[in-house]
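Colleague:
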Amino acid sequence: MARCLTIAVCQTGPIQRRATRAETVGRLVHLLEKAAAAGAEIAVFPEMALTTFFPRWRIDDQAEIDAFFEASMPGPETQRLYNAAARLKVGFALGYCELTQENDRTRHFNTMDLVGLDGAFIGRYRKMHVPGSSEPEAGTTTHLERRYFEPGNLGFPVFDYRGVRVGLAICNDRRWPETYRMLCLNGAEVALLGYNTPLLLDEAPALAHLRMFHNHLPMQAGAYQNTLWIGAAAKAGLEDGQALIGGSCIIAPTGEIAAQAMSLDDEVIVHRADLDLIEVCRKVNFNFALYRRPDQYGRISEPV
Ligand code: CDV
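Its first residue numbered 184, the sequence shown is counted upward by one per residue in my numbering.
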């Protein structure tokens, strides 16, 4: 019998700043219920799925900034989602802003947690590639993630999810080949990721027509070259005046898009991922043990 995992990608429409956590968590629970009704065994929500994408603004007041963060997970307002996972027997990956005390100091990370089908915490990933700047820069779209977040310090961990090896990634990570290669080398079969990607960038108007192509291109290549299933969830639509792309998708280890969202709103897409396809793709092209030569990659060739 084929080894399968039915993956749901829970895209959200915009989450406006005025939305309360209770309203937003209610939307996520509704999406998880839809995913469960469609037979999903695991679901992925976007990056920063509990709040608006606030790094589009320069904010100075630390209390105002920290209001976008979760000091405990689950907390009083998010517990409902964890209860829903246990009730529906569908685990999830959830992107959120993490406020924590580590090494005697307060730290802020752009984080994604993996939660099991019993509603219990499985593992955590902290965004490695934190894009943008810490101050607004003339001529560029304001994107101040580096003002608010430290780069992740947990590597690219891979977790056991009911016998399937699952890794996590967040938004800009998906553009970097290292993300997929590290997840693959760590044994991942499935990568779940969430993103918030503005439709327009002031610094690159000439690339505007390529936004969706450049969304899917690295994920399809990453899936193919690393024999992964990928579930990628966008926060989409017009959020606090900024248009975010959609294009949430499920990608096979062949590089093919198996399912894709059609809206810029709350939407669930589901695909039954055949995990045996990973081995087929490895045999055809990517037998790492046989063909990879990491010991030679660092060599500088002699001129001939
Ligand atoms: N949230 C993100 O990481 N966004 C980045 C860009 C647009 C800064 C992305 O790669 O989509």
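C-beta atoms are modelled at their ideal positions from N, C-alpha and C, and glycine is treated no differently. Note that the structure is predicted; figures quoted are calculated from it, not measured.
#1: Straight-line CA distance for A456 to R475?
#2: What residue range is occupied by the uninterrupted alpha helix (DSSP H) comprising G209?
#3: On the CB-based measure, 16 or more other CB atoms within 10 Å of its CB, does Y363 come out buried or exposed?
#4: Any chance you could list the alpha helix (DSSP H) runs of at least 4 consecutive residues sitting entirely within the region 363 to 407, in chain order?
#5: In terms of residue numbering, what span does the alpha helix (DSSP H) encompassing L271 cover?
#6: Would the beta-carbon of H291 fall within 8 Å of that of L277?
#7: Are I428 and A442 close, meaning C-beta to C-beta below 8 Å?
#8: Can you round the beta-carbon distance between L488 and N409 to whole angstroms, since I take them to be within the 8 Å contact cut?
#9: Compare the beta carbon distance of V451 and A221 with 8 Å and say whether it is the shorter of the two.
#10: Could you tell me whether the region 194 to 211 touches the region 346 to 354, where touching means 3 or more Cβ pairs closer than 8 Å?
#11: Find the nearest neighbour of F251 within the set Y279, R263, V487, F228, judged by alpha-carbon distance.
#12: Using a Cβ-based criterion (distance less than 7 Å to any ligand heavy atom), does P381 qualify as near the ligand CDV?
#13: Buried or exposed, going by whether 16 or more other CB atoms sit within 10 Å of the CB of H397?
#14: Who are C193's beta bridge partners in DSSP?
#15: Can you list, in chain order, the residues of its chain whose CB lies under 7 Å from that of G196, leaving out five sequence neighbours each side?
#16: Determine the burial state of Q194: buried for a count of at least 16 other Cβ atoms within 10 Å of its Cβ, exposed for fewer.
#17: When DSSP labels each residue in this structure, what does L421 get in the three-state scheme?
#18: Rounding to the nearest angstrom, what Cα-Cα distance links I225 and T323 in this structure?
#19: To which residues of the same chain is A426 closer than 8 Å at the C-beta, ignoring the five residues directly before and after it?
#20: By Cβ distance, which residues of its chain are closer than 8 Å to H326, with the 5 residues on each side in sequence left out?
#21: Pick from V487, P436, I483, V453: whose alpha carbon is nearest that of K466?
#22: Just to confirm, does P314 get its C-beta within under 7 Å of one of the non-hydrogen atoms of the ligand CDV?
#23: Thinking just about the alpha-carbon of each residue, which of L473, A417, E485, C464 is nearest to the one in L233?
#24: Measure from the alpha carbon of R309 to the alpha carbon of each residue in V298, P334, R288, E320, then state which is nearest.
#25: Unbroken beta strand (DSSP E) runs of length 3 or more, entirely within the region 239 to 316: which are they?
#26: Should L297 go down as buried or exposed, given a rule of 16 or more other Cβ atoms within 10 Å for buried?
#27: Assuming the contact rule is C-beta atoms closer than 8 Å, Y344 and I305 should be a hit. Round their C-beta distance to whole Å, please.
#28: Hey, would you say A406 sits closer than 8 Å to W412, going by beta carbons?
#29: Just how far apart, CA to CA, sit E361 and P259?
Modeller: Inspection of the coordinates gives the following:
#1: On the sequence shown, residue 456 is found 273 positions in, with the first residue counted as 1. On the sequence shown, residue 475 is found 292 positions in, with the first residue counted as 1. Between A456 and R475, the C-alpha separation is close to 26 Å.
#2: As a position in the sequence shown, residue 209 is number 26, starting the count at 1. Unbroken alpha helix (DSSP H) run through G209: 204 to 220.
#3: Locating residue 363 in the sequence shown gives position 180, counting from the first residue. Buried, because 16 or more other Cβ atoms sit within 10 Å of the Cβ of Y363.
#4: none
#5: By 1-based counting over the sequence shown, the position of residue 271 is 88. L271 -> alpha helix (DSSP H) spans 262 to 271.
#6: Within the sequence shown, numbered from 1, the residue matching residue 291 stands at position 108. Within the sequence shown, numbered from 1, the residue matching residue 277 stands at position 94. Not closer than 8 Å, so no.
#7: On the sequence shown, residue 428 is found 245 positions in, with the first residue counted as 1. On the sequence shown, residue 442 is found 259 positions in, with the first residue counted as 1. Going by C-beta atoms, I428 is not nearer than 8 Å to A442.
#8: Because the chain is modelled from 184 through 487, residue 488 falls outside the range shown and cannot be assessed.
#9: Along the sequence shown, read from residue 1 onward, the residue named residue 451 stands at position 268. Along the sequence shown, read from residue 1 onward, the residue named residue 221 stands at position 38. Their beta carbons are under 8 Å apart, which means V451 touches A221 by this criterion.
#10: no
#11: For the purposes of this step, residue 251 is taken as the residue at position 68 of the sequence shown. Of the candidates Y279, R263, V487, F228, the one whose C-alpha sits nearest the C-alpha of F251 is Y279.
#12: Here residue 381 corresponds to residue number 198 of the sequence shown, with the count starting at 1. It does: the Cβ of P381 is within 7 Å (strictly closer) of some heavy atom of the ligand CDV.
#13: The count along the sequence shown starts at 1 and reaches residue 397 at position 214. By the 10 Å Cβ count, H397 comes out exposed.
#14: Residue 193 sits at position 10 when you count from the first residue of the sequence shown. In DSSP, C193 forms a bridge with V451.
#15: Residue mapping note: residue 196 aligns to position 13 of the sequence shown, counting from 1. Around G196: A419, G420, L447, D448, D449.
#16: By one-based count along the sequence shown, residue 194 stands at place 11. Label assigned to Q194: buried.
#17: Within the sequence shown, residue 421 is the residue found at index 238, counting from 1. Note: L421 maps to strand in three-state DSSP.
#18: As a position in the sequence shown, residue 225 is number 42, starting the count at 1. As a position in the sequence shown, residue 323 is number 140, starting the count at 1. Straight-line Cα distance between these residues: approximately 37 Å.
#19: Working through the sequence shown from its first residue, we reach residue 426 at position 243. Answer for A426: P381, L382, L383, G420, listed in chain order.
#20: Here residue 326 corresponds to residue number 143 of the sequence shown, with the count starting at 1. Counting only Cβ-Cβ distances below 8 Å, and skipping sequence neighbours, we find P238, R239, P314, G315, S316, P381.
#21: On the sequence shown, residue 466 is found 283 positions in, with the first residue counted as 1. Cα-wise, what sits closest to K466 is P436.
#22: Along the sequence shown, read from residue 1 onward, the residue named residue 314 stands at position 131. For the ligand CDV, at least one heavy atom lies less than 7 Å from the Cβ of P314.
#23: The count along the sequence shown starts at 1 and reaches residue 233 at position 50. Per the Cα distances, A417.
#24: By 1-based counting over the sequence shown, the position of residue 309 is 126. Comparing Cα-Cα distances from R309 to each of V298, P334, R288, E320, the minimum goes to P334.
#25: 274 to 285, 288 to 298, 304 to 309
#26: For this step, residue 297 is matched to residue 114 along the sequence shown. Looking at its Cβ environment, which holds 16 or more other Cβ atoms inside 10 Å, L297 is buried.
#27: Sequence index remark: in the sequence shown, residue 344 carries index 161 (1-based). Sequence index remark: in the sequence shown, residue 305 carries index 122 (1-based). At roughly 7 Å, the Cβ-Cβ gap stays under 8 Å, so Y344 and I305 are in contact.
#28: On the sequence shown, position 223 is the one that residue 406 refers to. On the sequence shown, position 229 is the one that residue 412 refers to. Going by C-beta atoms, A406 is nearer than 8 Å to W412.
#29: As a first step, residue 361 is located in the sequence shown; it is residue number 178 there, counting from the start. As a first step, residue 259 is located in the sequence shown; it is residue number 76 there, counting from the start. Using only the alpha carbons, I get a separation of about 36 Å.
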